[in-house]
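4 protein chains.
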Amino acid sequence: MMKAAIFGASGYTGQELIRILLGHPGVDLVAVTSRRFESKPVAEIFPSLYGLTSLKYINAAPADIAKICDIVFLALPHGISMEIAPVFIQAGKKVIDLSADYRLRDVSTYEEWYAKHTSAGILKDAVYGIPELYRQKIKDATLVANPGCYPTSIILGLAPALKNRLLDVNTIIADSASGVSGAGREPQTSSLFCEVDGGFKAYKVGKHRHTPEIEQELNILAGEKFAISFTPHLLPVKRGILSTIYANLKTDIALPELYALYSSFYKQEKFVRICPPGSFPNISAVCGSNFCDIGLTIDLRTKRVIIVSAIDNLVKGAAGQAVQNMNVLCNWEEDTGLQMAPIYP
Amino acid sequence: MMKAAIFGASGYTGQELIRILLGHPGVDLVAVTSRRFESKPVAEIFPSLYGLTSLKYINAAPADIAKICDIVFLALPHGISMEIAPVFIQAGKKVIDLSADYRLRDVSTYEEWYAKHTSAGILKDAVYGIPELYRQKIKDATLVANPGCYPTSIILGLAPALKNRLLDVNTIIADSASGVSGAGREPQTSSLFCEVDGGFKAYKVGKHRHTPEIEQELNILAGEKFAISFTPHLLPVKRGILSTIYANLKTDIALPELYALYSSFYKQEKFVRICPPGSFPNISAVCGSNFCDIGLTIDLRTKRVIIVSAIDNLVKGAAGQAVQNMNVLCNWEEDTGLQMAPIYP
Amino acid sequence: MMKAAIFGASGYTGQELIRILLGHPGVDLVAVTSRRFESKPVAEIFPSLYGLTSLKYINAAPADIAKICDIVFLALPHGISMEIAPVFIQAGKKVIDLSADYRLRDVSTYEEWYAKHTSAGILKDAVYGIPELYRQKIKDATLVANPGCYPTSIILGLAPALKNRLLDVNTIIADSASGVSGAGREPQTSSLFCEVDGGFKAYKVGKHRHTPEIEQELNILAGEKFAISFTPHLLPVKRGILSTIYANLKTDIALPELYALYSSFYKQEKFVRICPPGSFPNISAVCGSNFCDIGLTIDLRTKRVIIVSAIDNLVKGAAGQAVQNMNVLCNWEEDTGLQMAPIYP
Amino acid sequence: MMKAAIFGASGYTGQELIRILLGHPGVDLVAVTSRRFESKPVAEIFPSLYGLTSLKYINAAPADIAKICDIVFLALPHGISMEIAPVFIQAGKKVIDLSADYRLRDVSTYEEWYAKHTSAGILKDAVYGIPELYRQKIKDATLVANPGCYPTSIILGLAPALKNRLLDVNTIIADSASGVSGAGREPQTSSLFCEVDGGFKAYKVGKHRHTPEIEQELNILAGEKFAISFTPHLLPVKRGILSTIYANLKTDIALPELYALYSSFYKQEKFVRICPPGSFPNISAVCGSNFCDIGLTIDLRTKRVIIVSAIDNLVKGAAGQAVQNMNVLCNWEEDTGLQMAPIYP
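Protein chains in written order, with our numbering: chain G, 189 to 533; chain Z, 189 to 533; chain U, 189 to 533; chain C, 189 to 533.
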């Protein structure tokens, strides 16, 4: 049994990690931390877990947690993670960081979009945690930078097309929409039910911090440097991200070929489902699961490919992918503890 | 491996049965029927199941299904179930019927609230399928009448109080609210998103067909005959039933005693959770799980007990309880295939 | 033109008052106050009002506001209103207070359920502002205590039955459910979209502060003293309150008589609609309007009357009723500025 | 008083027309038709209107309706409108058609995307009913082709930029999302609450019938021929359309200039609101109103302009714009009967 801890386990991502890890046969969840809820039972904060765990939140120093666990999940805001990850790394523990702190390979890009980076030293050891793209590297990593939710949906949606050099990369536009859980559990006016229900809006238009992360990975996939447009929207749902991605085709590929290429690219993958031709994903069909569903079409009138991808932002976009990364790290079957079917309706 | 079939598997309850049975280690799901979707893949109708099953809907006669399965779930409208159940019974198969056809022990009550009963002969063999109350009988049953969703929430909420003769039974009022999935997947105006979202209403006030079923079981528990008031409401949510139940106390019981009595009554039960004193259930804390959460208080000003119970109508209120009954029938651990934690948020 | 001000106009009720008063032909809205949003345009905080008003929030002393207005609406938390109302009263202005501070005629009851009352001196001048019941008194009032949202729905639902002595008053149970806007616009975890959507729960069971207010008015209507059970629930909708009210009948009244009695009681009322026999209200059918819809039935099996009433908590339950009270005070047509049809769907 | 009739008034658009026209001071609503609800009171089908109208649905021939009205609104499916409009035209009545039948000026385009056109003779007389663009022509029209909901949001969003030749027209992408009321009130599985709530999906990707309508008007505005990409999505809300529109800039315009240009273009317009710099529209801020809100930014990294526009699909996207067109036709103030503020929250 692997001894796991979650640092910062009081938000929605933390809760989802607890939920998944409690059902994971290879893991013993030994500690969950929270400053705000110190010494309160997890099940008091999240009554859905009542009867399923007797864990209480603790407020311990990273060094003390490092002594009792083999692997730690950091479900912390950016800026905080980089203060804490080095402690675990130094203690020889595996770290899966769900913040943005180790996702950007270029320190100056991080500092341009986020803030001063105080842990650049271990940045080079971090592996970007999309197993479908970096499985081999993750196996040997000590520090996995678990991807952002929007980036996961967009990168998986574009990877086969970019790898195969199908696209005019300067025409890529990703129009995404996320459920509210992506904004966390901190009370704020903009996340109130009355502000969100019945509404739909774009936000941080042209300046969302996931932009450089998406570009970093798309550039690597395409083997060239380019910028994209990325517009996030807020959906009146709890979970789910849908990305509708546009790009001009550089080549004369027909739709069946495109499907063949995507199916082949993801053939071995347990968590990527290519929708049958003519059908497109719905976030409600992946809810609660680690799936990424992808639909495709070519608009012959404009010679654009349109790719639609859907994930559950808390699972494949956060906690699920983190566990998937742990499974890779531990050489377990990649879907261990992640076999839950989507909940529908 | 038990060979199971689902007769009438194209609705929300049918889908939920499929979802649960696909993850059940003791069951091989061999057939699912649907007239409307004959020969279509289940995953085409329910894309959430894409990649998880290659089953196709078939449109076969009961006798033919009986030949290939050990146990059958009937997820059919009342009136249809009683035409089909006898075929399986006669073939020596176990039947778990999710309709109302075998729930009422008194044929004339059935005929007063529903329609002519054409299968009264096997009615006496049917066991009412709340394992928490009828576990021993279910073990030996061939025909389990799986309870209605509202009745499950109300009966479990009242059982300890009635068994202990605490209540003035003529003052019982059950005020319940259900998610829309309870109305099924047939297209009808009243279930449209625009009719339901932002709304809340009472319906079938004083005449819902679950009333006699609730009264039958409450009368048995109390050992006397009485009528109750039951008012269902329609909630703008997909899943969940909350019942707020009122009754005058006959005795001078204090709240801590009441909690002790409930906790003791359900001590061995895996699926009933008594909320800690001062807290009350929320349907979102049982969503996707087989739990029934129960909260209690005594209103000293009026000497009334107020009991609030919550279930997921598709799980503990239908498919989950059906699988729980199967587990009892098969002498398996009662939570086999039912260990999923509620999905939250 | 009447010069009106709103003290505490930054919440949902304040916004609704602004929205209604901007369309009121007899009113000039001269000032809206907010400490938090001082000097910000109203339309910046509520973009729905963009282009409709150039008002900015001010943070002025009550005495200064009193100099520039004829009437003031206090949309403040209880405890604050009673510090501010006296200033306006002394300045000879009309006050419509939307807090609980002047609703309870008995100071000790107020202090038992709320807090120390510091303005008991003017309490006796306050008129409880349900125009359907206190129209004559409101005409001459200087201080109107605008009712709570739950009380409005329950009192209007029971008034005809109680006035006509039909009920065994000790059996009255009011089971209510409210939209989230009733909890205000202050950021708090329990009002977050992810906490509310897909959920339904009872809260403050047996101890909600509206209980004594409801009892005060029901006791007056019935001419005797009694307690009721009142259970509020939280609905995943923005607006609306539905109350399902139960009581045993004391007399042998038939349903058509009951309808006749209710229709006659509310015959002259513009804002109370008795649903046609067999139909019951839905909060979505009153959304955005000042209507209170009432449905009725008698459960012959239990000899209970069941009354269902629906209002929009922000309109008839708060801002709309406040404007209705102003209209009465000013001797205007009672529906001036309140003729908006419900918005549907 | 203008005598108005609504042909096909049983859907959501029909209901919205009734709601608006009942509050319109210049209109006497003399007839509403419905085959399905013949002889039923409107308020029975739409209880929100109870007490506000005693109109009953009739099932009369167009010629008979033409005898009693001055103007008719056709809220019918495409294909049916063109059978009925000519009757009213011939009788010398004004027609505002809310279907697609007279929107496309080119018959062959209509027949490619819809079906055989049987009323091409009067097509040339039809005026496309966006008053902001065609006000003068509408004044003298007998037949107004009321625009589609998606086209309204996209055309208004792009008009100033195209008129001023700012865009590389071959790069235009419109990514839109609509509330469910756009799908009408006919019962269908895909509009059920359980199918929509918690979901988000793209549909008719690359082939929605509004595409040629959008292109027709954008081409006219730009003075050249081009195709666009348009992707509609289904939102779990009742009302509202948000369009996020992308295009490469052809010129080096700065953001303040762009705002100035948009503000100037719509300076005289009562129903178009340009959001303050840095803020973007939300469908909840236009709900129930005839406003179109527009937000703007320039993504300097990609040299793309991003325009976000929001309308209520049932108001500015259908019934409200129809009434606005009637006001223009009748030489009334353009906002007569349309002054309702958005309802929020």
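Using N, Cα and C, we set each Cβ at its ideal position, and we do this for glycine too.
Cβ neighbours of residue i in the same chain (closer than 8 Å, five flanking residues each side left out)
{"i": "C/A193", "result": "L217, V218, A219, V220, T221, I253, I256, C257, I259, V260 and F261"}
{"i": "U/N513", "result": "I284, G317, P319, I326, V332 and N334"}
{"i": "Z/K438", "result": "R353, L354, L355 and D356"}
{"i": "U/S366", "result": "C337, Y338, P420, H421, L422, L423, G428, I429 and N501"}
Opening and closing residue of the alpha helix (DSSP H) in which residue i lies
{"i": "Z/T221", "result": "It is not in any alpha helix (DSSP H) - Z/T221 instead sits in the beta strand (DSSP E) that spans V215 to T221."}
{"i": "U/D252", "result": "P250 to I256"}
{"i": "C/H396", "result": "Segment: none, C/H396 is in no alpha helix (DSSP H) and carries neither H nor E."}
{"i": "C/G202", "result": "Y200 to L210"}
{"i": "G/I194", "result": "Careful: G/I194 lies outside any alpha helix (DSSP H), inside the beta strand (DSSP E) at M190 to F195."}
{"i": "U/S452", "result": "L443 to F453"}
Contact set for residue i: own chain, Cβ-Cβ below 7 Å, skip 5 residues either direction
{"i": "C/L502", "result": "Y200, T201, E204, S369 and R427"}
{"i": "U/P441", "result": "At residue 441 of chain U the sequence reads Ile, which differs from the Pro that was named. Contacts found: L354."}
{"i": "G/K228", "result": "K244 and Y245"}
CA-to-CA distance, residue j to residue i, given in whole angstroms
{"i": "Z/E542", "j": "Z/N247", "result": "In this structure chain Z extends from 189 to 533, so residue 542 of chain Z is not present and cannot be described."}
{"i": "G/Q509", "j": "G/K458", "result": "12 Å"}
{"i": "G/E374", "j": "U/T377", "result": "7 Å"}
{"i": "Z/V315", "j": "Z/I284", "result": "10 Å"}
{"i": "U/G196", "j": "U/H212", "result": "19 Å"}
{"i": "G/R323", "j": "U/R223", "result": "55 Å"}
{"i": "U/E405", "j": "Z/K491", "result": "21 Å"}
{"i": "Z/K191", "j": "Z/G214", "result": "9 Å"}
{"i": "U/T399", "j": "U/K504", "result": "19 Å"}
{"i": "G/C463", "j": "C/G394", "result": "16 Å"}
{"i": "Z/A498", "j": "Z/C337", "result": "10 Å"}
{"i": "U/Y245", "j": "U/F234", "result": "12 Å"}
{"i": "Z/F414", "j": "Z/N436", "result": "14 Å"}
{"i": "C/V511", "j": "U/I402", "result": "44 Å"}
{"i": "G/Y290", "j": "G/Y450", "result": "29 Å"}
{"i": "Z/L209", "j": "Z/D328", "result": "22 Å"}
{"i": "C/D487", "j": "G/D363", "result": "14 Å"}
{"i": "U/I277", "j": "U/P250", "result": "11 Å"}
Close Cβ partners of residue i (< 6 Å) along its chain, the five nearest in sequence each way excluded
{"i": "C/A410", "result": "L350 and V357"}
{"i": "Z/F479", "result": "F459 and R461"}
{"i": "Z/S287", "result": "L264, H266 and S269"}
{"i": "C/I471", "result": "G428, L430 and A498"}
{"i": "C/A371", "result": "S379"}
{"i": "G/A347", "result": "L409"}
7 Å Cβ cut-off: residues of chain C touching residue i
{"i": "U/P533", "result": "Y200, S369 and K426"}
{"i": "U/P530", "result": "S236"}
Check: residue i C-beta below 7 Å from any heavy atom of the ligand ZN
{"i": "U/A410", "result": "Absence of the ligand ZN is noted for the structure shown, with no ligands found whatsoever."}
Span of the beta strand (DSSP E), counted from its first residue to its last, around residue i
{"i": "G/V260", "result": "I259 to L262"}
Paired residues, beta bridge with residue i - DSSP
{"i": "Z/R492", "result": "Z/N436 and Z/D487"}
{"i": "U/S431", "result": "U/S364 and U/S497"}
{"i": "Z/L380", "result": "C/L380"}
{"i": "Z/R417", "result": "The amino acid at residue 417 of chain Z is misidentified as Arg; the sequence shows Ser. Answer is Z/I361, bridged to Z/S417."}
Chain-ordered neighbours of residue i on chain U, where CB pairs are closer than 8 Å
{"i": "C/R224", "result": "Under the 8 Å cutoff, chain U gives no residues; its nearest Cβ is about 17 Å from C/R224."}
Within chain G, the residues that residue i reaches when beta carbons sit closer than 7 Å
{"i": "C/T419", "result": "T432 and I494"}
Within chain Z, the residues that residue i reaches when beta carbons sit closer than 8 Å
{"i": "G/N470", "result": "P235"}
Residues that residue i contacts on chain Z, provided the C-beta gap is smaller than 9 Å
{"i": "U/T340", "result": "The contacting residues do not exist; U/T340 stays about 16 Å from chain Z at best."}
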